[in-house]
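Protein chains in written order, with the numbering used here: chain A, 16 to 191; chain B, 62 to 828. Every residue, glycine too, gets a C-beta built ideally from N, C-alpha and C. Since this is a predicted model, take the numbers as computed values, not measurements. Report on the structure given below.
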């Protein structure tokens, strides 16, 4: 993965794999070095190598959003990124939201509004809402709908997810 | 002393008669005017924090030390005989620990129609072999190294074709389940039609819909000596335990099934799956824990579906709207295997007063993925057909659809002759019509043609709902009081995402007089829990809730006995509320733990069992939904603008989690009405949209305004809570209401679900 910031003047080609290779992932502020096969997705690295099972694997092919995490602050489907691509980059997962045993306002709002049923898509929904509110503290209902339109919920908690997102925005505004 | 009695229970359209052991005194339901502290109050989920922080451990998340992964090889052919399997190359791949197939596993009969590893495969996706390996990637690689030689057999995909004498057979005795149609008759159907002034008759078709629970089906199996522990994403831990014990020849006390959190089931996780048994066998063979979780494609091939149907419906009525005859003939696609056929004739038999009714159901085997229960199985499909045709009849008679329905209203269960314990359907029609603005919103059919030129057509429609949801014994619970004034409720039910734990905590808190934070709910474990039925049929709360209430009541009685002696006050003078004893004989309230802490580790254990169902009444749930749609005449796009729903499921215990279920049911019904459809290639039997890219689920952008009310009146005959189920009722009338609204908008009716743009444009004569 060559990013703009990391582009070196003297280009060095590094061949990694087949077989396990070392990757540094900065997850929720902590730096982890893991050995993974090049084909391992970020989702599997989080779940299997780091034991962070909050991001869910529901389709593993970028069609449901249950594995949504933030990569450098932007929401991505963790099943669609290779762990290797995220080498040295910062990742935020659902496990990083609650601080000092205190729920994040988005999490509080999800509970208060009952914006979940089975809860399997919930971590992904919350991360999509987080990405929205980080960017836009004053979202409209339409903004919310668009922000979570890539996150499927088979239980149909959508109306309450909308309410929870708007409530969370209010909570965050009142606390900042 | 326990008493053995026989009780009748309706489950998903079928009446079961079973022996039940009843114990102790029954409690009567709380009076409607008694103020309750927890029951009936909006209560956030007791396990909300786990679920929103990613800490809730689903079966999919279980990782044990030394755990191996299994991947299943599935048939690429719709019908074939396995001539040979060569697993040698797969076994030689580093990291592969075992390859299971019919060659090296016991011949275990499965669902009576097949074997765990059958030598005949009957649909694309049928299980052929399983690789157990160190990691999923290795197992996946190894699947490609298994060489299978198939003898291709002729196949049949269409149920109507499958009934033909020349059709390829899935089973030696033919493709019709049970060898004959399921027949129900009352009165004289021919005479009924002879008495009719008007007869309407149509053929309706419904699609095959896929559950697509967000958490795929899966299990983790661990052997410790001769004891097997299985984590399973299931709606029925005790059913899985029984099945595993039977198939593996184990005593029940050596099989433990655990399910703590679960990512949806909707009926597809009612039964033991092959993957669970394979995981157990694989773990035995390798001496290591084994995890098998299905991927999204397998999920859409092999874990069940709402079967496609063809329904011929005929209704006869007098000029004044009185029904004289109702006939429904349904052909249902079982797929390759069938445990429990849905009952499509249910709404036709039960919804209206009619003395001449005939329903006939052909459940037909085809070389496609097997059906399973799917949220209100049969009733969603049957209601679409019957309620669509009732609308046509209303139009024919120039009656308002609600007026026609009220004309044929019944307070008596038409199939048993028993009166309904309570029936709020009339009120649901009235309140729904008012909330919706039905009489103002409804455009007379005569006005339709002139609106044809509008770029968008608007229409409204409504439909009715009947379902069981009465719950049943047996179900048991324990309530133990801890020395610090907290309580643990133990039962063997499961919370499949509906909010069961929260509702049980409310019931226990109410009965004990403890704050809800002092209650812990322990469910989902067969070894430590007590029997509770499967979480299906909208019956969890109505089955398990009453047992929890009795257990809490018993614990409270013991607590009062003890407290009266410790506090030296008359027992009758004592009350418990907010975790405090109060009595005129006490100077100030005394906390429960103040009493219990003096008694060392004395533990109060209350025990409760679900009471039998009443024999003299029919206990059902009812509702009505109203839909407003707009149809874009250029693109054929249907947009559901709003849904108004009014349902009667007895007493509401938690308005918050209940509202989630109502909204969720309606949204699933909307997907079924407009988007969802499994597509099978007719030349190969391959499912073309076994993924979430092409199988269209409702997304955040498809959600209409949803307004709903509950009748919220306790059903005192139903059980000691007065509550009935609410999981399935809201999905039942949605598709029918939307279809009626579309028909109202277009002036022509679409008889086939889903109502796609193509069908709309065809109906408008544009393609």
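If you draw a straight line from the alpha carbon of residue i to that of residue j, how long is it in whole angstroms?
| i | j | result |
| --- | --- | --- |
| residue 522 (chain B) | residue 348 (chain B) | 60 angstroms |
| residue 158 (chain A) | residue 189 (chain A) | 20 angstroms |
| residue 663 (chain B) | residue 610 (chain B) | 22 angstroms |
| residue 77 (chain B) | residue 793 (chain B) | 22 angstroms |
| residue 311 (chain B) | residue 170 (chain B) | 15 angstroms |
| residue 103 (chain A) | residue 175 (chain A) | 36 angstroms |
| residue 84 (chain A) | residue 756 (chain B) | 24 angstroms |
| residue 74 (chain A) | residue 358 (chain B) | 8 angstroms |
| residue 177 (chain B) | residue 76 (chain A) | 29 angstroms |
| residue 193 (chain B) | residue 135 (chain B) | 15 angstroms |
| residue 252 (chain B) | residue 262 (chain B) | 16 angstroms |
| residue 394 (chain B) | residue 48 (chain A) | 52 angstroms |
| residue 108 (chain B) | residue 582 (chain B) | 10 angstroms |
| residue 707 (chain B) | residue 684 (chain B) | 6 angstroms |
| residue 467 (chain B) | residue 417 (chain B) | 18 angstroms |
| residue 369 (chain B) | residue 46 (chain A) | 52 angstroms |
| residue 832 (chain B) | residue 567 (chain B) | Summary: the structure shown does not reach residue 832 (chain B), with chain B confined to residues 62 through 828, and so no result is reported for it. |
| residue 589 (chain B) | residue 552 (chain B) | 8 angstroms |
| residue 779 (chain B) | residue 68 (chain B) | 13 angstroms |
| residue 184 (chain B) | residue 302 (chain B) | 27 angstroms |
| residue 608 (chain B) | residue 531 (chain B) | 14 angstroms |
So with CB distances below 9 angstroms, who are the chain B contacts of residue i?
| i | result |
| --- | --- |
| residue 92 (chain A) | Here the premise fails: no neighbours, minimum Cβ distance about 12 angstroms. |
| residue 120 (chain A) | Simply none; closest approach about 11 angstroms. |
| residue 110 (chain A) | 114, 115, 116 |
Could you tell me if residue i is buried or exposed, where buried requires 16 or more neighbouring beta carbons within 10 angstroms of its beta carbon?
| i | result |
| --- | --- |
| residue 191 (chain A) | exposed |
| residue 82 (chain B) | exposed |
| residue 246 (chain B) | exposed |
| residue 117 (chain A) | exposed |
| residue 71 (chain A) | buried |
| residue 119 (chain A) | buried |
| residue 365 (chain B) | buried |
| residue 285 (chain B) | exposed |
Could you tell me which chain A residues have their CB closer than 9 angstroms to the CB of residue i, listed as they occur along the chain?
| i | result |
| --- | --- |
| residue 122 (chain B) | 62, 68, 69, 71 |
| residue 198 (chain B) | 52, 54, 55, 59 |
| residue 585 (chain B) | Within 9 angstroms Cβ-Cβ: nothing; residue 585 (chain B) doesn't reach chain A, min ~13 angstroms. |
| residue 718 (chain B) | 129, 132 |
In chain B, which residues lie with their C-beta within 7 angstroms of the C-beta of residue i?
| i | result |
| --- | --- |
| residue 137 (chain A) | 112, 113 |
| residue 146 (chain A) | Going along chain B, no residue has its Cβ under 7 angstroms from residue 146 (chain A), so there is no contact; the nearest lies around 14 angstroms. |
| residue 113 (chain A) | 114 |
| residue 164 (chain A) | 760, 761, 762 |
So who's on the other strand from residue i, going by DSSP bridges?
| i | result |
| --- | --- |
| residue 284 (chain B) | B:289 |
| residue 419 (chain B) | B:246, B:388 |
| residue 522 (chain B) | B:688 |
| residue 147 (chain B) | B:208 |
| residue 37 (chain A) | A:50 |
| residue 90 (chain A) | A:85 |
| residue 82 (chain B) | B:65 |
| residue 700 (chain B) | B:691 |
| residue 828 (chain B) | DSSP, once it has assigned bridges, lists no residue as partnering residue 828 (chain B). |
For a contact defined as C-beta to C-beta under 7 angstroms, what are the partners of residue i on chain A?
| i | result |
| --- | --- |
| residue 356 (chain B) | 75 |
| residue 561 (chain B) | By Cβ distance, chain A contributes nothing, its closest Cβ being about 11 angstroms from residue 561 (chain B), past 7 angstroms. |
| residue 789 (chain B) | What residue 789 (chain B) touches in chain A: nothing, since even the nearest Cβ is about 13 angstroms away. |
| residue 721 (chain B) | 129, 132, 172, 175 |
| residue 13 (chain B) | Any question about residue 13 (chain B) goes unanswered here, given that chain B covers just 62 to 828. |
| residue 323 (chain B) | 133 |
| residue 105 (chain B) | 126, 127, 129 |
Strictly below 8 angstroms CB to CB, what residues from chain A border residue i?
| i | result |
| --- | --- |
| residue 778 (chain B) | Under the 8 angstroms cutoff, chain A gives no residues; its nearest Cβ is about 29 angstroms from residue 778 (chain B). |
| residue 754 (chain B) | 76, 78 |
List, in chain order, every chain B residue whose beta-carbon is nearer than 8 angstroms to that of residue i.
| i | result |
| --- | --- |
| residue 41 (chain A) | Within chain B, no residue comes near residue 41 (chain A); the closest Cβ sits about 18 angstroms away, beyond 8 angstroms. |
State yes or no: is the beta carbon of residue i nearer than 7 angstroms to at least one beta carbon in chain E?
| i | result |
| --- | --- |
| residue 28 (chain A) | The question asks about chain E, but that chain is absent: this structure's protein chains are A and B. |
_Within the segment 315-385 of chain B, ranges of the alpha helix (DSSP H) (whole runs, at least 4 residues)_ = 335-347, 357-363
*Any beta strand (DSSP E) of 3 or more consecutive residues that is wholly inside the segment 638-678 of chain B*: Taking 3 residues as the shortest admissible run, the segment 638-678 of chain B contains the following complete beta strand (DSSP E) segments, listed from N- to C-terminal end: 641-643, 665-670.
*asked:* If we require 3 or more residues per run, which beta strand (DSSP E) segments fall completely within the segment 554-583 of chain B?
replied: Within the segment 554-583 of chain B, the complete beta strand (DSSP E) runs of at least 3 residues are 580-583.
_Unbroken stretches of the beta strand (DSSP E), 3 residues or longer, contained in the segment 184-230 of chain B_ = 188-194, 208-213
*Return the chain-ordered ranges of every beta strand (DSSP E) run that is complete within the segment 750-817 of chain B and spans a minimum of 3 residues.*
766-771
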